[in-house]
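In our numbering, the protein residues as written are 174 to 768.
Okay, structure first, notes after.
As structure tokens, this is what we get:
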């Protein structure tokens with residue numbers, strides 16, 4: 174676990190993918206002055222004919238000086254980097270700002286800060302700078318007649334020399350009260366107002382920007398009430414209102430959207446009701462939820478544009494409008510006759526309706542969803558536990574327009590699993606079995622639609638074994654075997670014409686030696702195989718057999734209780750259809766040091 178002062182690094186190289194992450198934080202106080210530095214970095218590199226690279230970094234350095242018990246002076250430097258070679262420059266952005274300010278502590282109320290600085294901004298190779306202002310206020314646990322109030326307000330504004338603006342306003346408040354045992358209430362309100370100006374890419378006009386304005390408001394209300402002894406009712410309501418405006422400051426005749434302002438309105442609310450009880454052996458829960466969402470898109474003229482073009486753009490936006498409703502009933506029953514034995518029966522059933530007002534849309538549909546699960550875990554003896562689970566899911570998709578009705582289908586999924594857990598002082602064995610079936614049946618497959626129902630079935634065996642041979646020597650093995658088959662399904666006869674067999678195996682064994690709890694060495698190997706075999710004369714993928722063999726080693730160095738260096742590597746020999754096709758070294762290095 175990371176503490177305030179830490180250094181964590183991970184380097185991972187598998188096949189042609191390289192990943193490096195770095196997390197560093199250090200805070201120190203000297204002569205009543207606090208110094209802090211932190212850095213978070215993550216980078217990816219995919220090597221190929223054209224290398225793909227992605228970087229993200231966040232850096233902060235600050236100095237804070239106590240002037241009085243209630244007043245601090247601070248200065249900080251912040252750096253933010255986003256870079257992705259696959260985005261043609263759109264997400265190539267850097268931001269560096271230097272700020273000075275002061276923070277105030279208000280006794281029994283909270284604290285606030287105000288700062289001024291300079292920000293240097295880079296987007297699509299364009300550097301600009303300008304002043305930055307920021308203000309924040311936080312209150313903590315203001316008690317008002319047994320009700321606690323917490324609020325947080327933040328304001329930031331940046332204006333660059335080329336005219337681009339960036340502003341952020343966020344306000345969060347949370348009100349909660351606990352009364353008699355089991356009775357409580359809370360009210361939360363989140364608000365955001367964000368403006369961002371972006372350089373239009375590719376760059377062919379000076380000071381050509383796209384502005385994006387966002388307004389979000391998100392109130393939430395909750396109530397928990399104790400009806401009578403160990404029986405409770407819970408209600409939660411959420412409302413979400415969202416508005417986005419996008420427009421350009423100049424008109425470009427080659428892009429008609431630069432002449433209009435696009436506005437997206439989205440409103441939704443979510444209601445959730447639960448009735449639950451608690452007893453010595455049972456814990457039942459029953460409830461329902463209702464969700465509604467509405468999306469509307471609109472256009473307004475900002476520059477002169479002919480009526481026909483504006484009408485076409487408006488029609489396109491209108492086609493995006495939609496609304497959806499979802500009603501769901503759910504249940505959960507837990508039976509625990511003892512602390513080590515438990516049986517759970519849970520599930521839900523719901524209906525989703527998706528509608529679009531435009532007659533040009535064909536996406537109107539209804540969806541029926543059903544899920545139920547029965548699971549149990551029984552401690553058979555001191556050293557053996559058995560877990561069983563059965564999951565059943567059913568989905569019915571119905572398109573309301575005839576143009577898409579050929580896609581109407583029932584999807585039925587059944588999964589049965591059994592897990593064993595054998596444990597002694599020197600032995601751990603956990604074999605697991607799983608049977609999975611997926612049947613997709615089209616409603617109109619007998620018509621001349623060219624669509625055929627299909628079935629997918631899979632058997633999975635997983636095994637984990639650990640042997641503690643002595644105080645310093647241990648052995649571990651891990652295995653996953655999957656057998657899958659896919660084919661054409663004839664639901665009325667519940668028969669399948671098998672078309673494809675897939676067998677997959679992964680195995681890994683390691684022998685570990687622990688030297689005085691300071692260094693752990695591991696030696697072993699891993700193997701992987703996947704074989705695909707088509708059956709019949711249909712146009713199916715070709716047969717192939719791929720496998721790899723890899724010697725592997727691990728070294729773990731314990732510098733202290735929470736300071737660890739871990740090195741893992743394996744050299745992979747790859748074979749396709751029993752011919753060697755390549756070699757690939759893989760490496761992972763992890764360091765975790767608490768400073």
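Heads up, the beta-carbon is just placed ideally off N, CA and C, and yes, glycines get one too.
Item	Value
Continuous beta strand (DSSP E) stretch holding residue 203: start and end	190–203
Cβ shell of residue 446 (< 6 Å), same chain only, five flanking positions each side left out	408, 460, 461
Where residue 177 falls: helix, strand or coil (DSSP)	coil
Exposure label - residue 472; buried when at least 16 CB within 10 Å	buried
Cβ-Cβ distance between residue 468 and residue 495 below 8 Å	yes
Where residue 220 falls, given that 16 or more other Cβ within 10 Å makes a residue buried	exposed
Beta-carbon proximity list for residue 165, same chain, < 6 Å, skipping 5 on both sides	The chain is shown from 174 up to 768; residue 165 falls before or after that span and cannot be answered.
Beta carbon proximity, residue 742 to chain D, threshold 8 Å	Judged by its chain identifiers, the structure shown contains no chain D, having just a single protein chain.
Own chain residues within Cβ distance below 6 Å of residue 760, not counting five before or after	186, 742
DSSP-derived helix/strand/coil call for residue 280	coil
Alpha helix (DSSP H) segment containing residue 429, residue limits	From DSSP, residue 429 is part of no alpha helix (DSSP H); its letter is neither H nor E.
Given residue 756 as reference, the closest of 766, 765, 745, 309 once Cα atoms are compared	745
Straight-line Cα distance separating residue 726 from residue 641	19 Å
Limits of the unbroken beta strand (DSSP E) element including residue 545	538–552
Three-pair Cβ contact test at 8 Å for the stretch 683–700 versus the stretch 652–668	no
Residue 746, enclosing beta strand (DSSP E) - first and last residue	737–749
Simplified DSSP assignment, three categories, for residue 484	helix
Anticipated Cβ contact below 8 Å, residue 306 with residue 268, distance rounded	Going by Cβ atoms, the distance from residue 306 to residue 268 rounds to 15 Å, so no, they are not a contact pair.
Paired residues, beta bridge with residue 638 - DSSP	602, 650
Nearest-angstrom Cβ-Cβ length linking residue 433 and residue 475, presumed shorter than 8 Å	6 Å
Proximity to residue 599 [Cα-Cα], best of 562, 566, 638, 628	638
Entirely enclosed beta strand (DSSP E) segments - the stretch 353–416, minimum 3 residues	357–372, 382–401
Close beta carbons around residue 719, own chain, < 6 Å, minus the five adjacent residues each side	703, 749
Residue 303 versus 316, 509, 339, 647, residue with shortest Cα-Cα distance	339
Nearest residue (CA-CA) to residue 644, options 530, 596, 693, 385	693
Neighbourhood of residue 658 by C-beta, 6 Å cutoff - its chain only, sequence neighbours within 5 removed	630, 671, 674
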